[in-house]
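Numbering (the numbering used here), first residue to last: 2 to 532. The structure under discussion appears below in the form of structure tokens.
See the structure below:
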């Protein structure tokens, strides 16, 4: 109305007279009455609402819902406590948002897998979409466009292609093992970070990143930190709790401007590397996309962005590596069992390979237990439902934020005996235990086949080559707090120090020899990895 009045003032000559005071009084009175009526409607609506109830949850306030109870810290622990109190499915309200938290694998499977035709979409997170320009495959809605994205990603990341990429993972893991010889303090974290970034960067753009602190790694880190910090800012979370305010201009919604700056910066990086990849002599994902029917259905810039963000997504595996190191230091008796198995199957005169995988059941159990003990996506990646649904007598409104609460499920004592303990044996004793690490239904992680091979090759070779122990400073052991976790969407341990010691002189020699041969193999990467 104000906009219309402004246009009238511009286009029509107005007599220079003051509006009567009574008119201003009446306008104020009308607005006040309207506000009271609207508030009354919000307050009284629940009393006359004949619809089925939401799933149980802590007491909700009108308009705010559960915002006043949103935990400032220990978010995952609070949700787990609420699930213990209210049951395996909760219905929380954060402003205009309905959040459905699923605290048991049974409920998650019922909804996200058995009803995947309904629950395979993503919430409309306005801040995250501003930063990605709604082009991130992990965040877009379940529609024909997402199916095109998914089909294109599948050509790069299916199980058959992942088997080819183990040649590259073999090379990158040899470099990582060599880098671990000379790291100090927390620098070992950068070794695994370089590995994960270089694997996806090489596949995407046809160029390895051998240096620990390469400027491209640092820039990708900056991108990841920028989007994470902005999406999780309390004042930006308000925009996602009350999405209707996103219609306000950028001057009032700073995240809109910040999102554009971020997206422009990311796109420049992706565009530059995309152009270079097209000039590379060997195969890469960029070149593969040029002949893809799926890519032809999308805008050119959307394809460039889709490939670019895979570098960031691939880097998430490093958090599992960090928890692996934490577990190795805290539970040395379990590590000894892994090393005994690896030594028995592989021996001491060569590195483990993927061909050894079927004969290393305890190693696989150890890796699964790391992923259960400390899930890197504690709330999973949120789903959303395309239409209203009913489950066990509870209403799940359309477009709810549906969380597969991995933190609660993975520490459920009804499913995992002694759930707080690190017990790899549980996976050998019961093959039917639920494994949640890569998500549910149609939105399962598309890079899972690559990630599984990376986890195997890095963890098997690291434990073959090294003993991982506490660091010491001035003769005193540096303790590690297993509960010191950075509580972001992507969880990882607070940086800690560790010591990597070659298990014997012969293994040290083998690591040196394998590293020296990397150059001979590097030239063959792109011929071996292509379809």
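All C-beta atoms, glycine included, are put in the ideal place defined by N, C-alpha and C.
Among the residues of its own chain, which have a CB less than 7 Å from the CB of residue i, if the five just before and after it don't count?
| i | result |
| --- | --- |
| residue 372 | 321 and 438 |
| residue 310 | 137 |
| residue 379 | 77, 407, 408 and 492 |
| residue 17 | In this prediction, residue 17 scores a pLDDT of 45, lower than 50, which makes its location untrustworthy; no coordinate-derived value is stated. |
| residue 286 | 157, 204, 205 and 308 |
| residue 299 | 149 |
| residue 445 | 439 |
| residue 10 | Because residue 10 carries a pLDDT of 43, less than 50, the predicted location of this residue cannot be relied on, and the following value inherits that uncertainty. Counting only Cβ-Cβ distances below 7 Å, and skipping sequence neighbours, we find nothing. |
| residue 394 | 53 |
| residue 347 | 353, 357 and 465 |
| residue 220 | 270 |
| residue 8 | At residue 8 the pLDDT is 35, less than 50, meaning the model places this residue with poor confidence; the figure from the coordinates comes in the next sentence. No residues qualify anywhere along the chain. |
| residue 258 | 251 |
| residue 462 | 174, 178, 352 and 353 |
| residue 422 | none |
| residue 1 | Since the displayed the chain opens at 2 and closes at 532, residue 1 lies outside it and no answer follows. |
| residue 68 | 95, 96 and 242 |
| residue 330 | 469, 470, 471, 481 and 499 |
Out of the options, which has the shortest C-alpha to C-alpha gap to residue i?
| i | options | result |
| --- | --- | --- |
| residue 1 | 174, 157 and 124 | For the chain, the structure presents residues 2 to 532; residue 1 sits outside this window and is missing. |
| residue 514 | 368, 352, 481 and 499 | 352 |
| residue 62 | 94, 428 and 312 | 94 |
| residue 1 | 390, 221, 279 and 440 | Here the chain comprises residues numbered 2 to 532, so residue 1 is not present and cannot be evaluated. |
| residue 450 | 201, 235, 251 and 233 | 201 |
| residue 186 | 501, 199, 290 and 517 | 501 |
| residue 244 | 336, 130 and 507 | 130 |
| residue 160 | 464, 453 and 221 | 453 |
| residue 312 | 347, 104 and 210 | 210 |
| residue 74 | 524, 503, 484 and 505 | 484 |
| residue 55 | 70, 88, 314 and 69 | 88 |
| residue 85 | 103, 319 and 72 | 103 |
| residue 336 | 318, 323, 71 and 367 | 367 |
| residue 469 | 67, 228, 328 and 230 | 328 |
| residue 81 | 99, 58, 282 and 126 | 58 |
| residue 112 | 284, 397, 127 and 168 | 397 |
| residue 324 | 139, 494 and 508 | 494 |
Using DSSP's beta-bridge definition, name the partner residues of residue i.
| i | result |
| --- | --- |
| residue 122 | 385 |
| residue 474 | 477 |
| residue 100 | 93 and 402 |
| residue 494 | 486 |
| residue 66 | 62 and 95 |
| residue 525 | Residue 525 is not bridged to any residue. |
| residue 467 | 503 |
| residue 390 | 397 |
Here's a check: name, in chain order, each residue in its chain whose Cβ is nearer than 6 Å to the Cβ of residue i, leaving out the five neighbours to either side.
| i | result |
| --- | --- |
| residue 447 | 154 and 158 |
| residue 295 | 149, 152 and 153 |
| residue 497 | 481 |
| residue 213 | 191 and 195 |
| residue 124 | 383, 385 and 402 |
| residue 165 | 530 |
| residue 281 | 207 |
| residue 344 | none |
| residue 316 | 197 and 198 |
| residue 172 | 519 and 522 |
| residue 517 | none |
| residue 4 | Because residue 4 sits at a pLDDT of 41, beneath the cut-off of 50, its placement in the model cannot be relied upon, and the point is left open. |
For residue i and residue j, which I take to be in contact (beta-carbon distance under 8 Å), what is that distance rounded to the nearest angstrom?
| i | j | result |
| --- | --- | --- |
| residue 279 | residue 305 | At roughly 11 Å, the Cβ-Cβ gap does not stay under 8 Å, so residue 279 and residue 305 are not in contact. |
| residue 420 | residue 109 | With 8 Å as the limit, residue 420 and residue 109 do not qualify as a contact, their Cβ atoms being about 16 Å apart. |
| residue 504 | residue 467 | 6 Å |
| residue 179 | residue 512 | 6 Å |
| residue 231 | residue 132 | 7 Å |
| residue 96 | residue 65 | 7 Å |
| residue 241 | residue 126 | 5 Å |
| residue 268 | residue 302 | 7 Å |
| residue 499 | residue 326 | 6 Å |
| residue 342 | residue 361 | 6 Å |
| residue 528 | residue 283 | 7 Å |
Looking only at its chain, what residues have a beta carbon closer than 8 Å to the beta carbon of residue i, apart from the 5 residues adjacent to it on each side?
| i | result |
| --- | --- |
| residue 106 | 410, 413, 416, 435 and 437 |
| residue 365 | 358, 428 and 457 |
| residue 233 | 489 and 490 |
| residue 521 | none |
| residue 293 | 153 and 156 |
| residue 376 | 407, 408, 411, 437, 438 and 492 |
Is any non-hydrogen atom of the ligand NAP found closer than 6 Å to the C-beta of residue i, if you look at the structure I gave you?
| i | result |
| --- | --- |
| residue 341 | The model depicted lacks the ligand NAP and carries no ligand whatsoever. |
Worksheet entry | Segment contact, 8 Å Cβ cut-off, at least three pairs: the stretch 248–264 with the stretch 113–125 | No, because fewer than three Cβ pairs between the stretch 248–264 and the stretch 113–125 fall closer than 8 Å, the two stretches do not touch.
Fill in: Given 8 Å, three or more beta-carbon pairs between the stretch 457–468 and the stretch 342–356
Cβ pair count under 8 Å is three or more, so yes.
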